[in-house]
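Below: the structure, in structure tokens.
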Amino acid sequence: MKKMTQAIALSTIVLGALSPTLQVIAETPKIAESPAVTTELSSENVEVQTDSNDIASGTFGTAPWRIDSSGVLHIGAGTFSDTPVNQNGLRMSPWYQWNKQITSIRFEGDVIAGNILSNLFDYLANVTHIEGIEKLNTSHTTEMQRVFGGCASLTSLDLTSWDVSNVTTIFSFLNGATNMESLNVSNWNVSNMIAITYAFSEMPKLKELDLSQWRLTPLYSAQGVFMGDSSLEALDLSGFDMTQLENSWITGYEMSRFFQNTTSLKVLKLSDKFRFWVTDSVNVELPEISANNQYTGKWQNVGTGSLTHPQGADVWTSKQLTQSFNANAKNDTYVWQPYTISAGDVTVKYIDTKGTAIADDVIKSGNIGEAYTTEQKDIPGYTFKEVQGDPSGKFTDQPQTVMYVYEETKDQSTVIVHDSELTVGEAWQPEDNFDSATDYYGNTVPFSDISVEGQVDTAKAGTYKVTYTRFVPNLFSNSENQGTYSAVATVTVKEAQPVKGGDITAKYVDTESIEISDDVVKVGNIGEAYTTEQKDIPGYTFKEVQGNASGKFTAQAQTVTYVYTKNELPHVSGTVLVKYIDTNGHSLSEDIVKSGAIGEGYSTEKKDIKGYTFKEVRGNVAGRYTNKVQTVTYVYTKNKSISQVTATPQGEEKDPSASAKQKFLPKAGENEGMTLLSFILGLTFLALGLFGLTLRIKKIKK
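For reference, each letter of the sequence shown is one residue, going -26 to -1, 1 to 676 in mature numbering (1 follows the signal peptide of the UniProt record, and there is no 0).
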């Protein structure tokens, strides 16, 4: 009994020493099946400073930040994590609790924004400026809600360096930036943006906002976008496609308060894709216009006019505009219709030095404040002297007169010609460039009294000067109608511009009009020469050509046909010998002899020969007969007899002992419990054996 107790104790000791190993073996399958453990690390580390002049410091993602004693938020290089969520489920920036102490922001290194940038500077109401905002890389960001919401002291912001091509929402992006006067987001790529509610709302000091390059298609959430922007004077929304908005459970709520309190908005550029989502009770709240001595109180589309003088047919109140535009949406700009008052006419007179009218008056009409211009005239027999009054100016409530004063021309002798252009080959004569001539008293002078000096060679390109002269001899010393009067005309002769002619198609056919060679197409300009060529075509002899083998291109397409007769071939036959043999060259089947005219096609066939399997073919299975004997040989291998076939697959060796062993080997993983139990029992027997050996040694020593 004592020996048994000692054996059990020894076994326990051995098993205890091996227990860690056994535990690993037993738990290995469980480890393989366990899911990976994920550890969520905090994206920020905030520390209130007690031993420096900084108010606070920490890290946001990997970007270090600190707030110095003067209220400057310093942000170093790194990568932002998504804006964290507080215990109430709201996103708050790491520095939010010091929002009243922060007066400015400075990016001191390149920072990569996370997917969610929302509320980054939310409610930093005392921040007056942000330095280095261009160092913030937003190319991976998708959400930008209230990034600058409540930044009430910020006056200007240039965000043209931001890549927002992946951003989907800018909900309340700048809502409450009440002192914002200058904002630049003009170059943003907003192709993925679908939610814009309150994005630019409550910025009453903002007068300009350039959105002309935006190409935006909101899908939902487009309420109050410009709400409260009471100083905003113009908006270009021609790139806003508002046709895809999802229907709200309250009809009209989709764009409710879109323009609420935009009381200074005078210019609104829209497109055929813009829509006003309105009902009688819920609408975009475009403010009505107060009528005064400048504006009628209505909107008018510009049409063919201008911003200051619209000419469109749509004249609507704000309510009518939002209710009527959708039915006939157009690419146009709507402006406040100016109130116009007819002005006094501007009368333009043309008189001589005695005040006598020498041409009809011209009356100009318009509205007060509009511009007018007047024109000086060329009046035969008179020379302009001066203008009395304002030749250009603005219409007023009083009539105005502008007088052009001329002096009478005593000598009315003239020779008038004109310049011209010709093409090489065109006809020309001197009269072509002569217009008219008059004598001293203004009487018409015929061309026959005009002498011409100079010629035009229309066969050669160049510039030619032709002088037309009227000579009146001085027959009487006191005669007024005397002297020499001339004018020069410039005639330019240019090379003719080539005009493409119709194609020349050369065809090659036999006597039955069957094509025997590819067509040849010639191209060129009208008047240019062409030639076609006869071909040497094997097996055919040229017979004739139909059409002009050479000539000139015309405006019409032309065809030249070369006709050939087919050559007669002598009847000569060729032979193909087909053999069927085994791998030793012994014939297995009768040879086949094929014959036919040289040039004709032939084909051969493989045979099924009992007891043999086809191996290969030597020679051309198919082809054409030639003047030489051709041989095609099909080679076969003899099949093995049944007695030669073994059951052992090719490449394997049969091992009876291996098969026997396989019968008694357990499959991998078949019984892990039994394996473990066998291992434990083996260790137990080993311990008992060692114990017995110890006792035997003691006996021997005794």
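Each residue gets a CB set at the ideal place from its N, CA and C atoms; glycine is no exception.
Between the CA atoms of residue 423 and residue 711 - distance to the nearest angstrom: With the chain represented from -26 up to 676, any question about residue 711 goes unanswered, as that position is not in the structure.
Span of the alpha helix (DSSP H) around residue 296: Going by DSSP, residue 296 is part of the alpha helix (DSSP H) stretching over 292 to 298.
Beta-carbon gap between residue 172 and residue 145 smaller than 8 Å: For residue 172 and residue 145, yes; Cβs fall inside 8 Å.
Minimum Cβ-Cβ distance from residue 294 to chain D less than 8 Å: Chain labels in this structure do not include chain D; a single protein chain is all it has.
Bridge partner(s) assigned by DSSP for residue 338: DSSP output for residue 338 lists 320 as bridge partner(s).
Contact between the segment 180 to 189 and the segment 203 to 221 (3+ Cβ pairs under 8 Å): Counting Cβ pairs under 8 Å, three or more are found: they touch.
Where residue 660 sits in the DSSP three-state scheme: Residue state, collapsed to three classes: helix.
Buried/exposed call for residue 29, threshold 16 Cβ in 10 Å: Buried, since its Cβ has 16 or more Cβ neighbours within 10 Å.
Contact between the segment 106 to 126 and the segment 84 to 92 (3+ Cβ pairs under 8 Å): Yes, since at least three Cβ pairs between the segment 106 to 126 and the segment 84 to 92 fall closer than 8 Å, the two stretches touch.
Residue span of the beta strand (DSSP E) that contains residue 310, given as start and end: From DSSP, the beta strand (DSSP E) with residue 310 extends over 306 to 312.
Contact set for residue 252: own chain, Cβ-Cβ below 7 Å, skip 5 residues either direction: So the list reads 226, 258, 296, 297, once near-sequence residues are dropped.
Beta strand (DSSP E) runs wholly inside the segment 465 to 527, at least 3 long, in chain order: If we require 3 residues or more, the beta strand (DSSP E) runs fully inside the segment 465 to 527 come out as 478 to 484, 489 to 496, 503 to 505, 514 to 520, 524 to 526.
Bridge-paired residues (DSSP) for residue 86: Residue pairing of residue 86 in beta bridges, as defined by DSSP: 53, 111.
Cβ contact check for the segment 350 to 363 and the segment 300 to 312: 3 or more pairs under 8 Å: With contact defined as three or more Cβ pairs closer than 8 Å, the segment 350 to 363 and the segment 300 to 312 are not in contact.
Counted within 10 angstroms of its Cβ, other Cβ atoms place residue 415 as buried (16 or more) or exposed: Exposed is the call here.
Residue 243, buried or exposed, once every other Cβ within 10 Å from all chains shown has been counted against 16: Looking at its Cβ environment, which holds 16 or more other Cβ atoms inside 10 Å, residue 243 is buried.
Distance, residue 355 Cα to residue 411 Cα: Rounded to whole angstroms, the gap between the alpha carbons of residue 411 and residue 355 is 13 Å.
Coil, strand or helix - residue 404 by DSSP: Helix, per DSSP.
8 Å contact criterion, which residue 595 and residue 607 should meet: CB distance rounded: Contact doesn't hold; Cβ gap of about 11 Å is too wide.
Proximity below 8 Å, CB of residue 69 to CB of residue 39: Yes, these two residues count as a Cβ contact at 8 Å.
Collapsed DSSP secondary structure at residue 302 in the structure displayed: Residue 302 falls in the helix class under three-state DSSP.
Which of helix, strand or coil DSSP assigns to residue 118: It is coil, neither helix nor strand.
Through-space distance from residue 337 to residue 384, alpha-carbon basis: Straight-line Cα distance between these residues: approximately 30 Å.
Segment contact, 8 Å Cβ cut-off, at least three pairs: the segment 122 to 134 with the segment 149 to 162: Because the criterion of three Cβ pairs below 8 Å is met, the segment 122 to 134 and the segment 149 to 162 touch.
Residue 266 beta carbon less than 8 Å from that of residue 308: Taking 8 Å as the Cβ cut-off, residue 308 and residue 266 do not qualify as a contacting pair.
Exposure of residue 11, with buried meaning 16 or more beta-carbon neighbours within 10 Å: For residue 11, the predicted model reports a pLDDT of 28, less than 50, meaning its position is unreliable and no value from the coordinates is stated.
Where residue 547 falls: helix, strand or coil (DSSP): DSSP places residue 547 within a strand segment (E or B) once states are collapsed to three.
Sub-8 Å separation of residue 346 and residue 320 beta-carbons: For residue 346 and residue 320, yes; Cβs fall inside 8 Å.
Proximity below 8 Å, CB of residue 599 to CB of residue 548: Yes; because the gap between Cβ atoms is below 8 Å, this pair is in contact.
Span separating the alpha-carbon of residue 567 from that of residue 483: Roughly 38 Å between the two C-alpha positions.
Bridge-paired residues (DSSP) for residue 390: As a beta-bridge residue in DSSP terms, residue 390 pairs with 410.
Contact under 8 Å by Cβ, residue 491 with residue 509: In contact: residue 491 and residue 509 (Cβ atoms closer than 8 Å).
Residues that residue 103 bridges to, as DSSP identifies them: In the DSSP output, where bridge partners are listed per residue, residue 103 has 78.
Contact under 8 Å by Cβ, residue 514 with residue 533: Taking C-beta atoms as the reference points, residue 514 and residue 533 fail to come closer than 8 Å.
CB-CB length for residue 99 against residue 126, believed under 8 Å: Indeed, because the Cβ distance is near 5 Å, the residues count as touching under 8 Å.
Heavy atom of the ligand FMN within 7 Å of residue 174 beta-carbon: Summarising the ligand content, the structure contains no ligands, and the ligand FMN is consequently not present.
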